[in-house]
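Q: Chains as they are written, first to last, in the numbering used here: chain X, 2 to 114; chain Z, 2 to 118.
(1) For residue 1 (chain Z), list the residues DSSP reports as bridge partners.
(2) With 16 as the cutoff for other CB atoms within 10 Å, does residue 36 (chain Z) come out buried or exposed?
(3) Just curious, the beta strand (DSSP E) that residue 37 (chain Z) is in, first and last residue?
(4) DSSP state of residue 2 (chain X), grouped into three classes?
(5) To the nearest angstrom, how far is it from the Cα of residue 98 (chain X) to the Cα of residue 54 (chain X)?
(6) Give the secondary structure of residue 18 (chain X) by DSSP, where H, G and I count as helix, E and B as strand, and everything else as coil.
(7) Would you be able to state if there are at least three C-beta pairs under 8 Å between the segment 57-76 of chain X and the segment 6-15 of chain Z?
(8) Determine the chain Z residues that contact residue 45 (chain X) at a beta-carbon separation under 7 Å, and present them in chain order.
(9) Please decide whether residue 65 (chain Z) counts as near chain X, where near means a Cβ-Cβ distance under 8 Å.
(10) Would you give the residue range spanned by the beta strand (DSSP E) that residue 18 (chain Z) belongs to?
(11) Could you tell me which chain C residues have their CB closer than 9 Å to the CB of residue 13 (chain Z), listed as they occur along the chain?
(12) Taking only beta-carbon positions, decide if residue 35 (chain Z) is within less than 8 Å of chain X.
(13) Is residue 1 (chain X) close to chain Z? Criterion is C-beta to C-beta, closer than 8 Å.
(14) With a 10 Å radius around its C-beta and 16 neighbouring C-beta atoms as the bar for buried, classify residue 81 (chain X) as buried or exposed.
(15) Could you give the distance in angstroms between the alpha-carbon of residue 87 (chain Z) and the alpha-carbon of residue 109 (chain X)?
(16) Beta-carbon of residue 26 (chain Z) versus every beta-carbon of chain X: anything under 8 Å?
(17) Comparing alpha-carbon positions, which option in Z:39, Z:62, Z:66 and Z:108 lies nearest residue 90 (chain Z)?
(18) Kindly identify the DSSP beta-bridge partner or partners of residue 75 (chain X).
(19) Would you mind working out which of Z:79, Z:109 and Z:49 sits nearest residue 61 (chain Z), comparing C-alpha positions?
(20) Could you check the C-alpha separation between residue 39 (chain X) and residue 46 (chain X) for me, to the nearest Å?
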C-alpha cells in the first residue's frame with residue numbers, strides 16, 4: 002500500500018536556527034514527490050516537485066532533496082514568516098492510475114523571533 | 002502563477018440542507034480537478050477525481066450520492082454536499098491540473114470550511 006509518513010509532527014525553531022523536515026514514502030513506482038506549504042485555513046501552496054533520487058531543488062531558504070525512500074526539506078536560517086504546515090505528497094505510477102496525490106499528515110513548523 | 006479560486010471560503014448550514022462549493026481555474030483550462038477533505042490536524046484525503054465532461058471517480062468509502070460532483074466546463078467544477086450532517090463538517094479543498102504546464106503541477110484552491118449545525 003502506498004504510504005507517506007512525515008516527521009516530526011511539530012517543530013519549534015528559533016529564528017536563524019536551521020533544521021530539516023523528513024518525508025518517508027513507500028510507493029509502487031514514484032512519479033513525483035511534492036512539497037507544499039499550508040497556512041491555517043488556506044489551501045496548500047506549491048513549493049517543489051522532485052522526480053528522481055539525487056535531485057535537489059531550492060527556493061529562498063528552502064531546499065528539497067530526494068532519495069529512493071525519503072525526502073528532506075531543509076530550512077536554512079528560518080524566519081517567523083516561514084511558520085506553517087509543510088505537506089509532502091507522492092504521486093504513484095502504477096499504470097493507468099490518475100494523477101492523484103497521497104499526502105502525509107504534515108509538519109507544523111513554528112519559528113520564534 | 003496559476004490561480005484556482007474556490008468559493009465560498011466558509012459556510013454554516015443546518016443539518017439536512019445541501020451546500021454547493023465551486024472551484025474555478027482562473028487562467029488555465031483544467032481537464033482534471035480533485036476534491037479533498039481535511040479534518041483538523043489530519044492529512045488531505047482525496048475524495049474524488051473530477052474529469053471534464055464525464056462522471057467523477059470516487060475514492061473508496063466516499064458516497065457518490067452524497068457528494069455530487071459536476072465538471073461541466075474546463076474551468077469549473079462543483080462539489081455539492083447533499084443533506085449535510087454534522088459529521089460532514091470539514092475543510093474541503095479543490096485542486097486543478099494545468100495541462101499547459103505539465104502533469105506535475107497541481108494548484109489548490111483556498112479551501113472551504115463547512116460547519117453543519
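No residue lacks a Cβ here, since even glycine has one placed at the ideal position from N, Cα and C. All figures in this text were calculated on a predicted structure; none of them were measured in a lab.
A: Taking the definition as stated:
(1) The structure shown does not extend to residue 1 (chain Z), since chain Z is modelled only from 2 through 118, so no value can be given for it.
(2) The residue is buried, with at least 16 neighbouring Cβ atoms inside 10 Å.
(3) First-last of the beta strand (DSSP E) with residue 37 (chain Z): 33-39.
(4) coil
(5) In this prediction, residue 98 (chain X) scores a pLDDT of 46, lower than 50, which makes its location untrustworthy; the coordinate-derived value is nonetheless stated afterwards. Just so you know, the alpha carbons of residue 98 (chain X) and residue 54 (chain X) end up roughly 22 Å apart.
(6) Annotated three-state conformation of residue 18 (chain X) is coil, per DSSP.
(7) no
(8) 109
(9) False, the Cβ-Cβ gap to chain X never drops below 8 Å.
(10) Counting along the chain, residue 18 (chain Z) falls outside any beta strand (DSSP E), and DSSP gives it neither H nor E.
(11) No chain C appears in the structure shown, which is made up of the protein chains X and Z.
(12) yes
(13) Since the displayed chain X opens at 2 and closes at 114, residue 1 (chain X) lies outside it and no answer follows.
(14) Flag for residue 81 (chain X) reads exposed.
(15) Using only the alpha carbons, I get a separation of about 27 Å.
(16) no
(17) It is Z:39.
(18) X:21 and X:64
(19) Closest by alpha carbon: Z:49.
(20) Taking the straight line joining both Cα atoms gives about 6 Å.
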